[in-house]
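For the sequence shown, position 10 (counting from the first letter as 1) is numbered 26 according to the working numbering, and the numbering increases by one without interruption. We put the beta carbon where it would ideally sit given N, CA and C, even for glycine.
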Amino acid sequence: MLNKHAAGAIMIIAGAICYGMPGIILSLALRHGAHTSNIIATQYLFSFILFFVLSEFTRNKKATIPTREKAIALFTGMPLLGVTYCFFQSVFYIGVPTATLLMMQSSWIVPLINAIIRRTPVARKDILLLLCIITGVAIATGVFRGSMRLNIIGISWGLGAALCYSLVILSSSQIAKESRVIDKARLLTLGAFITAICVMKDNVDISPFTTDSYWSLLTAVFSSILPVLLFGLGMPRTAPSLAGMLVTIELPAAYVFSYLILAEKINIDQIVGCLIIVLSLVVPGLIGKYKSR
């Protein structure tokens with residue numbers, strides 16, 4: 017029988033693997049004639065309904081979220097929608113592996129924005145992380161071989177997704193710290209759904225019995241529901257340093273799924289670039305863990 021630490025690690029790994037699936041699902045959905053706007057809006061509706069039900073049936077009255085923080089959580093739904101929309105657009109132009117790789121830029125964007133907000137110098141380790149990740153991106157996109165096919169539109173959407181994801185991380189980490197993950201998740205997904213309806217109202221057709229709804233449900237399961245639940249259960253059972261290393265599995269998972277499911281070609285440059293980025297995120301945690309002994 018697994019102890020709680022091993023079980024927590026497995027949950028985080030499973031959650032990270034789930035995050036490697038949304039781009040794959042979108043690619044398959046587009047091949048079957050689905051509409052992106054319908055998928056995006058309906059996925060947040062499905063996610064909100066599930067989190068609402070879970071929250072209500074497992075209510076903890078002691079952990080009430082203040083009204084001000086509820087409002088902030090709802091507004092955080094705007095960049096949350098931005099993550100999905102920008103990422104999906106990036107996948108359309110440059111494919112799942114590169115789009116996922118660009119999403120990982122949030123790992124240095126978050127400390128950079130945090131330093132700007134707090135008006136403090138960027139830590140040396142964060143500068144080193146930035147340089148390593150940019151090197152990994154450059155290798156993966158073929159810069160050093162001169163084989164890069166630069167798609168400015170796709171790269172811009174990918175970086176936009178990373179920026180939106182960074183804003184979601186910064187905002188959600190500062191609100192309702194004592195509340196449960198599912199309570200915050202239902203507010204975030206509700207905010208994203210409301211924003212989707214307002215922004216894409218002319219292109220959204222919400223119906224529970226269409227092909228788009230089928231793909232929306234799949235996307236919701238792998239991009240919102242399972243990762244939130246798995247991380248929510250796994251994080252408290254796992255050391256922060258180990259958890260930070262395990263979530264990087266998302267990137268190689270996206271590469272593997274792209275190869276196995278979409279039959280996308282993965283070249284040696286992409287593999288090397290992926291490894292550099294993963295190691296850049298994992299090694300500092302290993303060093304910190306070694307020094308703490």
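DSSP-derived helix/strand/coil call for residue i
i           : result
residue 216 : coil
residue 250 : helix
residue 151 : helix
residue 200 : helix
residue 141 : helix
residue 286 : helix
residue 86  : helix
residue 182 : helix
residue 130 : helix
residue 72  : helix
residue 188 : helix
residue 120 : coil
residue 265 : helix
residue 224 : coil
residue 27  : helix
residue 37  : coil
residue 136 : coil
residue 167 : coil
Residue from the options with nearest C-alpha to residue i
i           : options            : result
residue 30  : 184, 300, 270      : 270
residue 121 : 203, 185, 242      : 185
residue 172 : 206, 129, 199, 114 : 114
residue 15  : 93, 104, 179       : With the chain represented from 17 up to 309, any question about residue 15 goes unanswered, as that position is not in the structure.
residue 44  : 108, 101, 272      : 108
residue 167 : 85, 219, 111, 220  : 111
residue 83  : 200, 132, 126, 128 : 200
residue 175 : 259, 191, 126, 277 : 126
residue 312 : 215, 142, 70, 153  : The displayed coordinates of the chain run from 17 to 309. Any statement about residue 312 would go beyond what the structure contains.
residue 118 : 182, 189, 215, 25  : 182
residue 102 : 179, 219, 73       : 179
residue 299 : 262, 280, 80       : 262
residue 59  : 241, 150, 116      : 241
residue 67  : 281, 277, 264, 237 : 237
residue 22  : 239, 292, 254      : 254
residue 292 : 280, 279, 268      : 268
residue 190 : 86, 124, 245       : 86
residue 36  : 279, 264, 280, 281 : 264
8 Å contact criterion, which residue i and residue j should meet: CB distance rounded
i           : j           : result
residue 235 : residue 95  : Not a contact, Cβ separation roughly 18 Å.
residue 57  : residue 209 : 7 Å
residue 251 : residue 28  : 7 Å
residue 177 : residue 99  : 5 Å
residue 266 : residue 50  : Contact flag wrong, Cβ pair sits at about 23 Å.
residue 169 : residue 288 : Contact doesn't hold; Cβ gap of about 25 Å is too wide.
residue 187 : residue 80  : In fact, because the Cβ distance is near 19 Å, the residues do not count as touching under 8 Å.
Rounded C-alpha distance that separates residue i from residue j
i           : j           : result
residue 47  : residue 132 : 42 Å
residue 214 : residue 53  : 12 Å
residue 259 : residue 25  : 7 Å
residue 296 : residue 142 : 10 Å
residue 231 : residue 216 : 18 Å
residue 227 : residue 62  : 15 Å
residue 275 : residue 34  : 16 Å
residue 157 : residue 223 : 39 Å
residue 151 : residue 272 : 21 Å
residue 220 : residue 90  : 20 Å
residue 239 : residue 73  : 23 Å
residue 97  : residue 283 : 31 Å
Near the ligand MN: residue i beta-carbon under 8 Å from a heavy atom
i           : result
residue 263 : What this structure holds is no ligand at all, so the ligand MN is not there to describe.
Item checked: Stretch pair the region 132-145 + the region 192-206: three plus CB contacts closer than 8 Å -> The region 132-145 makes no contact with the region 192-206, as fewer than three CB pairs between them are under 8 Å.
Margin query: Whether or not the region 140-148 and the region 200-216 are in contact is what I'm after, with contact meaning three or more pairs of Cβ atoms, one per stretch, closer than 8 Å; do they touch?
Written below: The region 200-216 vs the region 140-148: no contact.
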